[in-house]
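The working numbering runs 223 ahead of the 1-based position in the sequence shown. Note that CB positions come from ideal geometry on N, CA and C, so glycine has one too.
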Amino acid sequence: MLLDSIRTQYDSLSKSEKKVALAVLEQPELAIAENITALAKKADVSEPTVVRFCRAIGFDGWQAFKLKLAQGLALSTGDGASPVLDDMAADLVDKVCNRSINTLLDLRNSLDANAIEQALQVLGRANTIEFYGQGTSGIIAADAQHKFFRSGVPTVAYSDPHIHSIAASLLKKGDVVVAISQRGNSVSLLRSVQLARSSGAAIVVLAPSGTPLAELATVLIPIDLHFHTDPYTPISARLAHLVVIDILAVGLALRLSPERRKKMLHAQKALQKFDLQFDSFLQAP
Numbered sequence: 224m225l226l227d228s229i230r231t232q233y234d235s236l237s238k239s240e241k242k243v244a245l246a247v248l249e250q251p252e253l254a255i256a257e258n259i260t261a262l263a264k265k266a267d268v269s270e271p272t273v274v275r276f277c278r279a280i281g282f283d284g285w286q287a288f289k290l291k292l293a294q295g296l297a298l299s300t301g302d303g304a305s306p307v308l309d310d311m312a313a314d315l316v317d318k319v320c321n322r323s324i325n326t327l328l329d330l331r332n333s334l335d336a337n338a339i340e341q342a343l344q345v346l347g348r349a350n351t352i353e354f355y356g357q358g359t360s361g362i363i364a365a366d367a368q369h370k371f372f373r374s375g376v377p378t379v380a381y382s383d384p385h386i387h388s389i390a391a392s393l394l395k396k397g398d399v400v401v402a403i404s405q406r407g408n409s410v411s412l413l414r415s416v417q418l419a420r421s422s423g424a425a426i427v428v429l430a431p432s433g434t435p436l437a438e439l440a441t442v443l444i445p446i447d448l449h450f451h452t453d454p455y456t457p458i459s460a461r462l463a464h465l466v467v468i469d470i471l472a473v474g475l476a477l478r479l480s481p482e483r484r485k486k487m488l489h490a491q492k493a494l495q496k497f498d499l500q501f502d503s504f505l506q507a508p
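Here it is in structure tokens:
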């Protein structure tokens, strides 16, 4: 599909051509419905830049690109255009895997490296780190706690709104809350984050930009991916958030002091020793 081709070639495009690519990827249907002037305005580039973008990905010009894009969207069966459960097993594998791959490509192309750096600075100074999320985001919060506690910083994850509201009120300056939300408008999560801010804690938010939760962030890592509104959307959304958590966990581990690295290595060796002892126990007559 043409959108996949744009994602694949994204890194080879110029800075201004990348703006056009992102505008098309975010709302391909609008790119078809509008003219070249509207797309140029949306991408904040000139019309000749749009033409250069079309040529850079293999088309003679705007009209040829627009026609191919329209054909691709009309013929596409991916990303929720037809019920997944009606597909054969091979199609099911392709559809879910392609969706995950496209989500990661979109994330790589849109993720703000400066926001990641700012978040790592805040997390690196934290006395404690608390992860708040609800529903699917609560599962992500639990995964984050599992990854971060190895760094030696006290960490905890809460998915119950009553519990994380109480926990938030007990925080103090030097503590950090990582608030995770796919929509950024949960009333109970917003209340807990407001309590944490009032207590002096720093707030790292993983949520769409322009949402109420994003407005409360000390550091916002915007996850602005275009998801289809079908029952399988949470699969892609959850994957994007999990990858951001992995990026932060690895980044924090790389910044550990020598003493903390030593403790982390000690914990890893202790786990390996436990595994060996358990294997020996299972093999004993």
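Annotation note: the segment 378-431 contains the following uninterrupted beta strand (DSSP E) runs of length 3 or greater, listed N- to C-terminal: 378-381, 399-403 and 425-430. Within a 10 Å sphere around the beta-carbon of arginine 331 sit fewer than 16 other beta-carbons, which makes this residue exposed.
Cα atoms of lysine 238 and threonine 434: separation of roughly 27 Å, rounded to the nearest angstrom.
Around the C-beta of glycine 407, 16 or more other C-beta atoms lie within 10 Å, and the residue is accordingly described as buried. Here DSSP, grouped into helix, strand and coil, assigns leucine 471 to helix. DSSP, reduced to helix, strand and coil, places isoleucine 339 within a helical segment of the structure shown.
Counting the other Cβ atoms within 10 Å of the Cβ of asparagine 325 gives 16 or more, which makes it buried. Take the alpha-carbon of phenylalanine 371 and the one of glutamine 417: they are about 23 Å apart. In this structure, DSSP gives glutamate 270 a helical state, which the three-state scheme calls helix. In this structure, DSSP gives valine 442 an extended state, which the three-state scheme calls strand. The beta carbon of leucine 225 sits closer than 6 Å to those of Lys291, Leu292 and Gly295, all from its chain and outside the five residues before and after it, given in chain order. Assigned with DSSP and collapsed to three states, isoleucine 352 falls in strand.
Comparing C-alpha distances from isoleucine 458 to each of Gln405, Ile352 and Ile389 shows the shortest one belongs to Gln405. Within the same chain, and ignoring the five residues on either side of aspartate 335 in sequence, the residues whose Cβ sits closer than 8 Å to its Cβ are Ile444 and Pro445. Counting only residues of its own chain and dropping the five nearest sequence neighbours on each side, valine 345 has a CB closer than 7 Å to the CB of Val399, Ala425, Val427, Thr441 and Val442.
Taken through DSSP and simplified to helix, strand or coil, leucine 296 comes out as helix. When DSSP states are grouped into helix, strand and coil, glutamate 257 belongs to the coil group. Looking only at Asn337, Ile229, Ala266 and Gly284, the smallest Cα-Cα distance to leucine 471 is reached by Asn337.
With contacts defined by Cβ atoms closer than 7 Å, serine 415 and alanine 391 form a contacting pair. Inclusion of alanine 380 and isoleucine 468 in the CB contact set at 7 Å is not warranted, their separation being larger than that value.
Collapsing the DSSP output to three states places arginine 322 in a helix.
Here DSSP, grouped into helix, strand and coil, assigns aspartate 329 to helix. Taken through DSSP and simplified to helix, strand or coil, serine 459 comes out as helix. Secondary structure note for arginine 230: its alpha helix (DSSP H) is the uninterrupted segment 225-232. Of Glu438, Thr351 and Arg373, the smallest CA-CA separation from lysine 395 is found for Thr351. In the three-state scheme derived from DSSP, where H, G and I count as helix and E and B as strand, phenylalanine 371 is classed as helix. Leucine 245: member of the alpha helix (DSSP H) spanning 238-249, first to last residue. Pairing tryptophan 285 with threonine 231, the inter-Cα distance amounts to about 19 Å.
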